[in-house]
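Notes to accompany the following structure.
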Amino acid sequence: MKAEEQSVERLHVLAQQIGLDVPQACVPGTLSNMILLEKYVTLIMELPLPDVCTPAPEYTP
Amino acid sequence: MSESIAQFAAQIRAGKISPVQQCMQTLHALEAGNKTYTVATHILAERALHQAQVLERKIAAGQDVGPLAGIPFGVKDLFDVAGLVTTAGSTVLQNNPPALKDALVVSRLCAAGALPVATLNMDEFAYGFATENAHFGTTLNPHDVRRLAGGSSGGSAAAVAAGLLPFTLGSDTNGSIRVPASLCGVWGLRPTQGLVPLEGVYPFAASLDVIGPFARSAADIQSVAEVLAGQSFAFEGHAGSIRVGVLGGWFAQDLVPDLQAGLEMIAGACPSARTVTLPEIARVRAASFVITAAEGGNLHLNRLKQTPMAYDPATRDRLLAGALLPAAAVIQAQRIRTWFRHLMHDVFDTVDVLIAPATVGPAPLIDQPTIMVGGKAVSARANLGLFTQPLSLAGMPVVSAPLAPQLTPNTQLPLGIQLIAGPHKENMLLAFAQELERKGLLGFPVAHSQHQRVA
């Protein structure tokens, strides 16, 4: 299976997990944005953080 | 209106200028200007004139009508305005019921005497830096109509830049006030996160969303921001003793020569200025990107399941991709946010104000929407927030200020910078901005236009 086909399959698997059916017309654009976001995800996952550095969903600057 | 907002409102209060007449002139100019620049999504003529008439009666009766008496303003299309459906620059929400009341900040402005005259164009659901809207059209830059106004609050910035309105409101998640302010040559304020209430404002990425004003001067920004926040921003200290850091590293790359030179002249005017380099900014920007995509995607997920084709394709595909992000990435992004917050607090132990560019250069051409980053032409829509996105993550107050034209002789177009302070230091930040404006280093004239309102 080609890399692009694998990416499309991955997109549909992820979408199924949240009950989303991505229309065929939206696949190329969504895939392009997914690949861009994956680059950003790689960047942030590579940063080591201490365990005491907890998430900030209720943020107070 | 050559006077400040405070001076003009004082003349209205004194009965020297009729708010009804001024309102009519503003509406006339706005309707004409909108045909040229595509700044508005709705013009609120009936409501504005009614409020102006009420105001005029109160003034005649000797009543106190507030610090913004008779000042017309517009709001980005995502603020609730009583009786209107809040569409957030989209047709997706057009069948929602009309708002029952104004957004809280619109109520505060009206209570201070200001007159809401329009809702203003934006990127659909605030997801973009261009204000190229598939439903309402592209907002044009009043300084060169071949160029983008920036976004996502492009209508708000362009209306002020064109001299159509003295102030407007926008929202800023990743730079949606600071980017269009910079490209249109006007002032903008992203207040401390949480300072200005979001009640009645359609969300985008809730953990980053902030609302704030656009205006023609730092003093006007202060006049409006005080009403929005419900507090005074008077500064008791001495602006000349403020410790200044100029951001290097990430923030010193890819700048057009005039912007680089302008920043050096600003630094030269601040005796204490020194270079401050923040680490890991590429990852900080990435964290902001991921949080925005995930929260925006989740917000729209149910509608994307049902009516995906009703969205602007560019917005839709970004939201769909965001909805698919794994939890581990979003939580890591929020942990980086905590890490960056601590880092910024440490920085503000040693300096009071940081200075950074707002964009890499002037407004991109509409038919060639790219900017140069790392020697390559990249999409403007995705990358105009290069310098604003990382700072959003900190949630600290940022003024977007236009460099004075004499600092940028070769560009002929507005170039903007960011002035950043610690949380809740708006008073010091605005005092510093006004000091630089007084020195002639900041501030850009409104665009030449036949549509400008008389007042």
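Each protein sequence line maps, in turn, to chains A and B. Per this note's numbering, residue 198 is the first one in the first sequence, and the count goes up by one each step. Per this note's numbering, residue 260 is the first one in the second sequence, and the count goes up by one each step. Note that the Cβ used here is the ideal one computed from N, Cα and C, for glycine as well.
Can you grab the Cα-Cα spacing for the pair P456 of chain B / A617 of chain B, in whole Å?
-> Translated into positions along the second sequence, residue 456 of chain B becomes position 197. Translated into positions along the second sequence, residue 617 of chain B becomes position 358. Distance between the alpha carbons of P456 of chain B and A617 of chain B: 25 Å.
Per DSSP, the bridge partner or partners of M631 of chain B | Reading the second sequence from its first residue, position 372 is the one you call residue 631 of chain B. DSSP output for M631 of chain B lists B:A636 as bridge partner(s).
Rounded to whole angstroms, what's the CA-CA distance from R594 of chain B to Q677 of chain B? Just pull it up for me.
-> Position 335 of the second sequence, counted from the start, is the residue given in the question as residue 594 of chain B. Position 418 of the second sequence, counted from the start, is the residue given in the question as residue 677 of chain B. When rounded, the distance between both Cα atoms is 25 Å.
By Cβ distance, which residues of its chain are closer than 8 Å to L308 of chain B, with the 5 residues on each side in sequence left out?
-> Against the second sequence, residue 308 of chain B aligns to sequence position 49. For L308 of chain B, where only same-chain residues beyond five positions count, the Cβ hits under 8 Å are V279, C282, M283 and L286.
Indicate whether A615 of chain B and M655 of chain B have their beta-carbon atoms separated by less than 8 Å.
-> Stepping through the second sequence from its first residue, residue 615 of chain B is reached at position 356. Stepping through the second sequence from its first residue, residue 655 of chain B is reached at position 396. No, they are not a contact pair.
Could one say the Cβ of A212 of chain A lies closer than 8 Å to chain B's Cβ atoms, at least one of them?
-> Numbered from 1 along the first sequence, position 15 holds the residue referred to as residue 212 of chain A. Yes - at least one Cβ of chain B is within 8 Å of the one on A212 of chain A.
Rank B:T536, B:V460, B:L327 and B:A528 by C-alpha distance to the C-alpha of L363 of chain B and give the top, closest one.
-> Position 104 of the second sequence, counted from the first residue, corresponds to residue 363 of chain B. Checking every option, the nearest Cα to that of L363 of chain B belongs to B:V460.
The region 533-548 of chain B: positions lying closer than 7 Å to chain A by Cβ = E539, A541, R542, A545, A546 and F548
Can you tell me which of B:Q591, B:R449, B:Q648 and B:S482 puts its alpha carbon nearest to the alpha carbon of A541 of chain B?
-> By one-based count along the second sequence, residue 541 of chain B stands at place 282. Among B:Q591, B:R449, B:Q648 and B:S482, the Cα nearest to that of A541 of chain B is on B:Q648.
Put S651 of chain B into one of helix, strand or coil per three-state DSSP.
-> The residue labelled residue 651 of chain B in the question sits at position 392 within the second sequence. Three-state DSSP puts S651 of chain B in a helix.
Could you check the C-alpha separation between N380 of chain B and Q312 of chain B for me, to the nearest Å?
-> One-based indexing of the second sequence puts residue 380 of chain B at position 121. One-based indexing of the second sequence puts residue 312 of chain B at position 53. The alpha-carbon atoms of N380 of chain B and Q312 of chain B are separated by roughly 27 Å.
Leaving out five residues on either side along the sequence, give the residues of the same chain with a beta carbon under 8 Å from the beta carbon of H683 of chain B.
-> Here the question's residue 683 of chain B lines up with position 424 in the second sequence. Correct list, in chain order: T451, L454 and P656.
Is the beta carbon of F548 of chain B less than 8 Å from the beta carbon of Y237 of chain A?
-> Taking the first residue of the second sequence as position 1, residue 548 of chain B is located at position 289. Taking the first residue of the first sequence as position 1, residue 237 of chain A is located at position 40. Cβ distance < 8 Å, so F548 of chain B and Y237 of chain A count as in contact.
Is any heavy atom of the ligand HEM found at a distance shorter than 7 Å from the C-beta of A320 of chain B?
-> Absent from the structure shown: the ligand HEM. Ligands present: none.
Grab the span of the beta strand (DSSP E) containing A488 of chain B for me, first residue to last.
-> On the second sequence, position 229 is the one that residue 488 of chain B refers to. Not the beta strand (DSSP E): A488 of chain B falls in the alpha helix (DSSP H), residues A477 to A488.
Classification of P310 of chain B by the beta-carbon crowding that lies within 10 angstroms, buried from 16 upward = To locate residue 310 of chain B, count along the second sequence from 1; it is residue 51. First, the residue type needs correcting, since residue 310 of chain B is Gln and not Pro in the sequence shown. Flag for Q310 of chain B reads buried.
Name, please, each residue of chain A whose Cβ falls closer than 8 Å to the Cβ of R594 of chain B.
-> Your numbering for residue 594 of chain B matches position 335 in the second sequence. Per Cβ cutoff of 8 Å: L246, C250, T251, P252 and A253.
V324 of chain B to N392 of chain B span [Cα, whole Å] | Within the second sequence, the letter at position 65 stands for residue 324 of chain B. Within the second sequence, the letter at position 133 stands for residue 392 of chain B. Rounded to whole angstroms, V324 of chain B to N392 of chain B spans 37 Å at the Cα level.
Quick one: what does DSSP say Q677 of chain B is sitting in, helix, strand or coil?
-> Here residue 677 of chain B refers to the residue found at position 418 of the second sequence. DSSP places Q677 of chain B in strand when its eight states are reduced to three.
May I have the straight-line CA-CA distance separating S253 of chain B from D248 of chain A, to the nearest angstrom?
-> Chain B is shown only over 260 to 714; residue 253 of chain B falls outside these bounds and no answer can be derived.
Taking C-alpha atoms, which residue in B:L314, B:V298, B:I501 and B:A291 lies nearest to G274 of chain B?
-> For the purposes of this step, residue 274 of chain B is taken as the residue at position 15 of the second sequence. Looking at the Cα atoms, B:L314 is the closest of the given residues.
Can you give me the Cβ contacts of T239 of chain A inside the same chain, cut-off strictly under 8 Å, excluding the 5 residues immediately before and after it?
-> Numbered from 1 along the first sequence, position 42 holds the residue referred to as residue 239 of chain A. Nothing listed; no residue qualifies.
Is the Cβ-Cβ distance between A292 of chain B and L448 of chain B less than 8 Å?
-> Along the second sequence, one-based indexing puts residue 292 of chain B at 33. Along the second sequence, one-based indexing puts residue 448 of chain B at 189. Note on identity: in this sequence residue 292 of chain B is Gly, with Ala being the wrong assignment. Cβ distance not < 8 Å, so G292 of chain B and L448 of chain B don't count as in contact.
What residue from B:P326, B:N642, B:F426 and B:T609 has the CA that sits closest to G620 of chain B's CA?
-> Reading the second sequence from its first residue, position 361 is the one you call residue 620 of chain B. Ranking B:P326, B:N642, B:F426 and B:T609 by Cα distance to G620 of chain B puts B:N642 first.
Should V210 of chain A be labelled buried (16 or more other beta-carbon atoms within 10 Å of its own) or exposed?
-> Working through the first sequence from its first residue, we reach residue 210 of chain A at position 13. That one is exposed.
Contacting residues, own chain, Cβ-Cβ under 7 Å from R405 of chain B (five flanking each side not counted) | Within the second sequence, residue 405 of chain B is the residue found at index 146, counting from 1. Closer than 7 Å at Cβ, skipping near neighbours: L624 and I625.
Cβ distance (whole Å) where G521 of chain B is taken to contact F703 of chain B below 8 Å | As a position in the second sequence, residue 521 of chain B is number 262, starting the count at 1. As a position in the second sequence, residue 703 of chain B is number 444, starting the count at 1. The Cβ separation is near 11 Å, so there is no contact.
Delimiting residues of the alpha helix (DSSP H) encompassing K294 of chain B | For the purposes of this step, residue 294 of chain B is identified with residue 35 of the second sequence, where counting begins at 1. First-last of the alpha helix (DSSP H) with K294 of chain B: P278 to Y296.
First through last residue of the beta strand (DSSP E) which encompasses V503 of chain B = Stepping through the second sequence from its first residue, residue 503 of chain B is reached at position 244. Start and end: V503 to L506.
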